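Trainee:
Number of protein chains: 2
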Amino acid sequence: MNSDILFSNIKRKRSFLCIGLDSAIEKIPPQVKESKHPIYEFNKQIISNTASFAVAYKPNLAFYECRGLAGWKELELTVEYIRTNYPDIFLIADAKRGDIGNTSSMYAKAFFENLRFDAITVAPYMGEDSIKPFLSYNDKYVVILALTSNPGAADFQYFTSGENKSLFTEVIEKSKNWGTKENIMYVVGATKASMLASVRKLIPNHFLLVPGIGAQGGDLEEVAKYGLNKQCGLLVNSSRSILYAGNGIDFAEKAANEAKKLQKQMEKILLEAGLL
Amino acid sequence: MNSDILFSNIKRKRSFLCIGLDSAIEKIPPQVKESKHPIYEFNKQIISNTASFAVAYKPNLAFYECRGLAGWKELELTVEYIRTNYPDIFLIADAKRGDIGNTSSMYAKAFFENLRFDAITVAPYMGEDSIKPFLSYNDKYVVILALTSNPGAADFQYFTSGENKSLFTEVIEKSKNWGTKENIMYVVGATKASMLASVRKLIPNHFLLVPGIGAQGGDLEEVAKYGLNKQCGLLVNSSRSILYAGNGIDFAEKAANEAKKLQKQMEKILLEAGLL
């Protein structure tokens, strides 16, 4: 998927919501736990009830890997389900990979070819050759961690050079030259919404994946204020506050309500920005 | 495994060799490719022929994930094979994970509990809460990327602060306080052997995992000169130059010869250092 198609999906759905499928076996409702592939069954119900409010889904790999073979099967089934039933969904592997060049090529193969994801998150610590293998695919994106939404973001991402430049700024400035807005996106956490303004100056046209709305406390209005661009340019992620809105038989309905609430806020934002 | 046991294994085997199981389906010999679990079959033969020369094995996850379910099965079988037949092996998951706290906990579960690895490599970009979940296990190690052996290492790891401190130094100085030498190791690439001297000043007692010997061009004598400590303190990894020493019916024998060559060099180094 390229950014034009992504933007047209955003306009059609009046939403720039990404739903994080951080689906934990301990948290899913008891009646779903009984199924043969419980996480898949949970995801399927979440997806079928929320897909009209979201443009993207983002399974976090840790939640699948921690279940071993069963988890990988559930991941494959989830991807297959989305690809078959919701071909307009932008599908992000939240994997935070990154390794030496020949190894990153294997990850690219795993996520872009075998699992047919549109995008994968990557940590930039190992530099250019760890990112490059992901850039050789058409209509696929590497989503580079720039400024994350967790407390530990402060440990190294704000590490500041003699020229008063922070590491996350250096990451963006350098890596934006390794590709284009058609194969690179950036993670910029919602808990640092005001930082979005300076990020936008560096990369006015790239899409940003913004985690941290909901359970992590980020504010959607703030994010939009500083982050919107002409193509919207934002995918705002919410995971736990949607997935676990309910724990009863109506969990998927409750998830849908939460997703719809966010979609309505996003619609208002898009209208006010003249993007609809 | 704690560092005393690791050191006693090093002394007994007269080796601080780690063999990287970067086992690629395209590169394994044709006769092994026919088996039901080809990568596992390949690993098994490599391991049974090299285990007397090595103290550690390090499967790189990318090579298993790129084969989907089949690859995860092969990883599980490889771990099981090592655990059953070579209980004295230190087993490192080269996964380069790292995510927000609750997600890193899932990775810790995946690799320490389900797969019974002794250690996992982690990228430090997301800071303390991405590392902490790995530190709560007894006799398990998080191996933090400090200075890697790839060309891209220069992009951000040398990013330098106003106080003339590089990012990799900051990573070591900060993170060493999050745990102890009994639950943290560091990756320091062999292609920068002279940097090991300054790393050793910061962390005289920690074990270092040193990739880059062999295919990547690092020099073992140099590494030992700057990196050895009282407990040896080094695990030097070689992957491709051992795994693919041969491609015929005698591939495992050729791998053994390469491993033995390194073990002999290591024995000499350990003797000269008075550690044997």
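For the protein sequence lines, the chains are A and B, in the order given. The opening position of the first sequence corresponds to residue 193 in this note's numbering, with each subsequent residue numbered one higher. The opening position of the second sequence corresponds to residue 193 in this note's numbering, with each subsequent residue numbered one higher. Each residue gets a CB set at the ideal place from its N, CA and C atoms; glycine is no exception. Note that the structure is predicted; figures quoted are calculated from it, not measured.
Please list the partners that Tyr-317 (chain A) has in chain B, where partner means a Cβ-to-Cβ separation under 8 Å.
Mentor: Residues of chain B passing the Cβ test: Ala-315, Pro-316, Tyr-317, Leu-337, Thr-340, Phe-348 and Gln-349.
Trainee: At 4 residues or longer, what runs of the alpha helix (DSSP H) sit wholly inside the region 439–467 of chain B?
Mentor: As far as the region 439–467 of chain B is concerned, its whole alpha helix (DSSP H) runs of at least 4 residues are 443–464.
Trainee: Grouping DSSP H, G and I as helix and E and B as strand, with all else coil, what is Thr-340 (chain A)?
Mentor: Coil, per DSSP.
Trainee: Is Gly-404 (chain A) buried or exposed, if buried means 16 or more other CB atoms sit within 10 Å of its CB?
Mentor: Flag for Gly-404 (chain A) reads buried.
Trainee: Between Thr-383 (chain A) and Ser-341 (chain A), which are expected to be in contact by the criterion C-beta below 8 Å, what is the C-beta distance as a whole number of angstroms?
Mentor: That pair is a contact at about 5 Å.
Trainee: Under 8 Å: do the region 240–258 of chain B and the region 196–213 of chain B share three or more Cβ pairs, one atom per stretch?
Mentor: Taking 8 Å as the limit for Cβ pairs, the verdict is that the region 196–213 of chain B does touch the region 240–258 of chain B.
Trainee: Within 8 Å, do at least three Cβ pairs link the region 308–318 of chain A to the region 275–292 of chain A?
Mentor: Taking 8 Å as the limit for Cβ pairs, the verdict is that the region 308–318 of chain A does touch the region 275–292 of chain A.
Trainee: Determine which residues of the region 291–306 of chain A have a Cβ less than 9 Å from any Cβ of chain B, and write them out in chain order.
Mentor: Cβ contacts with chain B come from Asp-291, Ile-292, Gly-293, Asn-294, Thr-295, Ser-296, Ser-297, Met-298, Tyr-299, Ala-300, Lys-301, Ala-302, Phe-303, Glu-305 and Asn-306.
Trainee: Measure from the C-beta of Lys-288 (chain B) to each C-beta in chain A and report whether the shortest distance is under 8 Å.
Mentor: Chain A, which has a Cβ nearer than 8 Å to the Cβ of Lys-288 (chain B), makes this yes.
Trainee: Which one or two residues does DSSP pair with Gly-212 (chain A) in a beta bridge?
Mentor: Note: Gly-212 (chain A) sits in a beta bridge opposite A:Lys-250.
Trainee: Which residues in chain B have a C-beta closer than 9 Å to the C-beta of Asp-214 (chain A)? List them in chain order.
Mentor: Asn-294, Thr-295 and Met-298, listed in chain order.
Trainee: DSSP three-state call for Tyr-418 (chain A): helix, strand or coil?
Mentor: In the structure shown, Tyr-418 (chain A) sits in a helix (DSSP, three-state: H, G or I).
Trainee: Checking contacts by CB at 8 Å: is Asn-429 (chain B) closer than that to chain A?
Mentor: By this cut-off, Asn-429 (chain B) is not an interface position.
Trainee: For Gln-223 (chain A), which of A:Phe-443, A:Arg-275 and A:Thr-276 has the nearest alpha-carbon?
Mentor: Minimum Cα distance to Gln-223 (chain A) is reached at A:Phe-443.
Trainee: Report the three-state DSSP secondary structure of Thr-372 (chain A) (helix, strand or coil).
Mentor: Thr-372 (chain A) falls in the coil class under three-state DSSP.
Trainee: Note down, in chain order, each residue of its chain lying with its Cβ closer than 7 Å to the Cβ of Asn-235 (chain B), except the 5 sequence neighbours on either side.
Mentor: Correct list, in chain order: Leu-213, Ser-215 and Thr-270.
Trainee: Who are the neighbours of Thr-352 (chain A) on chain B, taking C-beta pairs under 7 Å?
Mentor: Within chain B, the residues near Thr-352 (chain A) are Ser-353 and Gly-354.
Trainee: Does Gly-344 (chain A) have its Cβ less than 8 Å from a Cβ in chain B?
Mentor: So, interface residue.
Trainee: Shorter than 8 Å from the beta carbon of Asp-321 (chain A) to some beta carbon of chain B?
Mentor: It does; some Cβ of chain B falls within 8 Å.
Trainee: Beta strand (DSSP E) containing Ala-285 (chain A): first to last residue?
Mentor: Its beta strand (DSSP E) spans residues 282–289.
Trainee: If I measure Cβ to Cβ from Gln-349 (chain A) and keep anything under 6 Å in the same chain, skipping five residues before and after, which residues do I get?
Mentor: Leu-339, Leu-359 and Phe-360.
Trainee: Consult DSSP for Tyr-232 (chain A) and reduce its assignment to one of helix, strand or coil.
Mentor: Helix at Tyr-232 (chain A).
Trainee: By how many angstroms is the C-alpha of Lys-205 (chain A) removed from the C-alpha of Ile-217 (chain B)?
Mentor: When rounded, the distance between both Cα atoms is 42 Å.
Trainee: Name the two residues that bound the continuous beta strand (DSSP E) containing Ser-430 (chain A).
Mentor: Its beta strand (DSSP E) spans residues 426–430.
Trainee: Using a C-beta cutoff of 8 Å, does Cys-210 (chain B) count as contacting chain A?
Mentor: No, Cys-210 (chain B) lies away from the interface with chain A (no Cβ there is under 8 Å from its Cβ).
Trainee: When we look at the beta-carbon of Ile-441 (chain A) and count the other beta-carbons within 10 Å, is it buried (16 or more) or exposed?
Mentor: Classification for Ile-441 (chain A): exposed.
Trainee: DSSP beta-bridge partners for Thr-352 (chain B)?
Mentor: Answer is B:Ser-358, bridged to Thr-352 (chain B).
Trainee: Quick check on the DSSP output: the beta strand (DSSP E) that includes Ala-311 (chain B) runs from which residue to which?
Mentor: Taken as a continuous stretch (DSSP letters only), the beta strand (DSSP E) holding Ala-311 (chain B) covers 311–314.
Trainee: For Phe-255 (chain B), go through chain A and note every residue whose CB falls closer than 8 Å to its CB, in chain order.
Mentor: Thr-295 and Met-298, listed in chain order.
Trainee: List the residues of chain A that Glu-268 (chain B) touches, going by C-beta distances under 8 Å, in chain order.
Mentor: Correct list: Gly-260 and Leu-261.
Trainee: Round the Cβ separation of Ala-315 (chain A) and Gly-381 (chain B) to the nearest angstrom and send it over; I've been treating them as touching at under 8 Å.
Mentor: In fact, because the Cβ distance is near 17 Å, the residues do not count as touching under 8 Å.
Trainee: Could you check the C-alpha separation between Pro-325 (chain B) and Lys-265 (chain A) for me, to the nearest Å?
Mentor: So the two alpha carbons sit approximately 25 Å from each other.
Trainee: To which residues of the same chain is Ser-195 (chain A) closer than 7 Å at the C-beta, ignoring the five residues directly before and after it?
Mentor: So the list reads Lys-373, Glu-374, Phe-399 and Gln-423, once near-sequence residues are dropped.
Trainee: Taking the C-alpha atoms as reference points, what is the distance between Lys-357 (chain A) and Val-363 (chain A)?
Mentor: If I take the Cα positions, the gap works out to 10 Å.
Trainee: Please classify Tyr-436 (chain B): does DSSP put it in a helix, a strand, or coil?
Mentor: Residue state, collapsed to three classes: coil.
Trainee: Short of 8 Å in beta carbon distance, which residues of its chain neighbour Gly-293 (chain B), apart from the five on each side in sequence? Order them along the chain.
Mentor: Closer than 8 Å at Cβ, skipping near neighbours: Asp-321, Ser-322, Lys-324 and Pro-325.
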